[in-house]
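To start, the structure itself, in structure tokens.
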Amino acid sequence: MEAVQRLIQRLLDRAATIGADPHDDDERRLRKALLVLLSVLILPISLVWGTLFLALGAPAGAIAYLYFIVSAMALVIYSRTRDIEWLLRVELFAILLAPTISQAFVGGFLASGGVGLWGVLGALGALVFYGPPAGIRWFGAFVGVFLVFGLAGEIFGGLSTLPRWFQSTMVALNVTVGGSVVFFLLALFATQRAEALAALRLEQNKAEDLLLNILPRSIADKLKADTATIADQIEAASILFADVVDFTPLSERLQPAEVVGMLDRLFTYFDLLAERHGLEKIKTIGDCYMVAAGVPTPRLDHARAMALMALDMREAMRSKDGVGQLGLELRIGINSGPVVAGVIGRKRFLYDLWGDAVNMASRMESQGTRGQIQVTRETYELLKDEFELEPRGMVAIKGKGDVETWYLVGHRGSDSTEEAQSPAIAGLPAATQP
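The opening position of the sequence shown corresponds to residue 1 in my numbering, with each subsequent residue numbered one higher.
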């Protein structure tokens with residue numbers, strides 16, 4: 001099958017040079033190549049058929065010669081004008097009328113050796129190049145002229161002068177050679193269709209990957225199935241905000257490419273950590289990174305997973321390799337509670353979270369301490385049995401007053417977070433195991 005596809009592609013490439021226009025798009029270039037290839041393919045067949053009929057005294061051979069002349073001249077004119085629509089009309093009418101009219105001069109359907117069957121190529125050509133509606137009309141025209149001229153030959157043509165053996169031979173040749181041309185046409189169509197579908201699947205996969213880089217899979221599936229507003233109430237989730245300390249003055253001393261490269265390296269590593277812990281990255285806001293656990297799919301261990309993520313982030317910044325070489329420090333805040341999750345906008349849409357729990361997580365980061373992970377009482381209650389937490393005391397939070405907070409120190413049962421490391425991610429510092 002691959003050999004046939006390569007042969008078809010070579011023939012198409014050669015045919016595409018006739019009437020080629022550098023301004024043609026891929027679809028028009030393909031239509032031109034297909035039409036020229038089919039027209040050239042039928043030319044020698046018409047010449048041989050005409051010679052055979054004339055050699056045996058059948059005037060119908062002159063019609064085959066006339067088809068050859070018209071088709072060849074049309075190709076020459078087309079090579080100069082590059083008018084594919086004009087060539088298509090000429091070729092369709094010629095292949096529809098020449099073989100069917102021939103029947104009237106040699107005694108009808110069988111006496112002509114079934115030569116009128118070649119007219120069906122006009123209908124198939126219209127189907128391929130113009131589409132189903134035109135193909136149906138042209139097929140109706142083929143049936144009409146085939147029957148009219150075939151019956152005319154049966155009624156008025158008298159006894160055929162062609163030998164019986166020649167009639168039988170021509171029936172066999174017209175069925176096999178004509179069938180081969182039809183098969184070749186359908187093979188071309190099937191090959192191009194398969195290539196188009198493969199290209200479409202490739203583009204769909206690219207679009208799918210791009211969509212999944214923006215939205216969680218479950219949300220993307222909802223969005224594709226229904227364009228209605230997507231909003232979910234999540235009863236229990238944990239939200240983390242991490243901000244690079246003193247990044248604004250640092251960025252003013254760096255070139256733009258250095259700033260973007262630094263953040264890209266850092267946040268790419270955080271993305272890998274989030275994926276490892278089964279968390280959902282929500283967005284980045286400047287040099288701030290936001291990630292959530294328990295959305296869009298609820299999970300009972302959302303606070304635990306988020307704590308492990310936070311410890312990994314802090315440890316990565318303290319390491320002597322990987323992102324630790326950037327020389328940056330983080331201020332991390334975590335809160336747990338109910339949130340509303342949904343997609344906003346129709347252009348450059350975003351999956352985001354809202355609610356008091358989100359606002360408090362942001363305050364934990366902004367009112368936190370460099371190099372520390374600050375958590376609220378809600379998160380503390382979910383972590384205290386498994387993690388080491390130090391009370392910070394009361395912190396003044398805008399809109400909330402004094403709020404009691406804790407620092408997340410480490411994972412209980414480990415002397416340090418380094419003892420709980422898993423193999424490194426893409427050559428960067430490793431991640432804490434649950």
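Yeah, the Cβ is synthetic: ideal placement off N, Cα and C, and Gly gets one too. Please read all numbers here as calculations on a predicted model, not as lab measurements.
Runs of 4 residues minimum, wholly inside the segment 118 to 156: which ones carry the alpha helix (DSSP H) assignment? Segments of the alpha helix (DSSP H) lying fully in the segment 118 to 156: 120 to 130, 132 to 156.
Between the C-alpha atoms of A62 and A94, what's the straight-line distance to the nearest angstrom? As a working mapping, residue 62 is identified with position 62 in the sequence shown. As a working mapping, residue 94 is identified with position 94 in the sequence shown. A62 and A94: Cα-Cα distance of roughly 14 Å.
Contained alpha helix (DSSP H) runs [length at least 4] in the segment 232 to 293, N- to C-terminal order: Counting only runs of 4+ residues, the alpha helix (DSSP H) found wholly inside the segment 232 to 293 occupies 247 to 253, 256 to 276, in chain order.
Helix or strand or just coil, what does DSSP make of L110? Along the sequence shown, one-based indexing puts residue 110 at 110. DSSP, read as helix, strand or coil, puts L110 in coil.
Please state whether the Cβ-Cβ distance between A357 and I230 is less than 8 Å. Here residue 357 is taken as the residue at index 357 of the sequence shown, counted from 1. Here residue 230 is taken as the residue at index 230 of the sequence shown, counted from 1. A distance of 8 Å or more separates the beta carbons of A357 and I230.
At the level of alpha carbons, what is the spacing between G490 and R201? In the structure as shown, the chain begins at 1 and stops at 434. Residue 490 is therefore absent and cannot be evaluated.
T100: buried (16+ other C-beta within 10 angstroms of its C-beta) or exposed? Along the sequence shown, one-based indexing puts residue 100 at 100. Flag for T100 reads buried.
Tell me which residue opens and which closes the beta strand (DSSP E) that T376 is part of. If you number the sequence shown from 1, residue 376 lands on position 376. Taken as a continuous stretch (DSSP letters only), the beta strand (DSSP E) holding T376 covers 373 to 376.
Can you list, in chain order, the residues of its chain with a C-beta nearer than 6 Å to that of L117? Leave out the 5 residues immediately preceding and following it. Numbered from its first residue, the sequence shown carries residue 117 at position 117. Exclusion of the five residues before and after L117 leaves N174, G178 as the residues of its chain whose Cβ lies within less than 6 Å of its Cβ.
Beta-ladder partner(s) of N335, from DSSP: Here residue 335 refers to the residue found at position 335 of the sequence shown. For N335, the beta-bridge partners assigned by DSSP are I239.
Sort E381, G114, L88, R331 by Cα distance to R363 and report the nearest one. As a working note, residue 363 is residue 363 in the sequence shown. The shortest Cα separation from R363 among E381, G114, L88, R331 belongs to R331.
Look at the Cβ atom of R82, then the Cβ atom of G19, and state whether they are nearer than 8 Å. Position 82 of the sequence shown, counted from the start, is the residue given in the question as residue 82. Position 19 of the sequence shown, counted from the start, is the residue given in the question as residue 19. In this structure, G19 lies closer than 8 Å to R82 by Cβ.
Short Cβ contact (8 Å threshold) for E365 with F267: For the purposes of this step, residue 365 is identified with residue 365 of the sequence shown, where counting begins at 1. For the purposes of this step, residue 267 is identified with residue 267 of the sequence shown, where counting begins at 1. E365 is not a Cβ neighbour of F267, given a cutoff of 8 Å.
Given a cut-off of 8 Å on the beta-carbon distance, is the pair A292 and A236 in contact? By one-based count along the sequence shown, residue 292 stands at place 292. By one-based count along the sequence shown, residue 236 stands at place 236. Going by C-beta atoms, A292 is not nearer than 8 Å to A236.
Within the chosen definition, does the segment 95 to 114 reach the segment 135 to 154 through at least 3 CB pairs nearer than 8 Å? Contact between the segment 95 to 114 and the segment 135 to 154 is present: 3 or more CB-CB pairs across the two stretches fall below 8 Å.
Measuring CA to CA, which of I42, A60, Y78 is closest to K32? On the sequence shown, residue 32 is found 32 positions in, with the first residue counted as 1. When only C-alpha atoms are compared, the closest one is Y78.
Can you grab the Cα-Cα spacing for the pair D385 / P338, in whole Å? Your numbering for residue 385 matches position 385 in the sequence shown. Your numbering for residue 338 matches position 338 in the sequence shown. For D385 and P338, the distance between alpha carbons rounds to 22 Å.
Identified DSSP bridge partners for E388: Walking along the sequence shown from the start, residue 388 turns up at place 388. Residue pairing by DSSP puts E388 in a beta bridge opposite G410.
Which residue's Cα is closest to the Cα of A74: R29, V40, R392, D271? The residue given as residue 74 occupies position 74 in the sequence shown. Checking every option, the nearest Cα to that of A74 belongs to V40.
Run the CB neighbour count on V76, radius 10 Å, all protein chains shown included, and call it buried at 16 or more, exposed below. If you number the sequence shown from 1, residue 76 lands on position 76. Exposed.
Need the endpoints of the beta strand (DSSP E) that D352 sits in, please. As a first step, residue 352 must be located in the sequence shown, where it is residue number 352. From DSSP, the beta strand (DSSP E) with D352 extends over 350 to 354.
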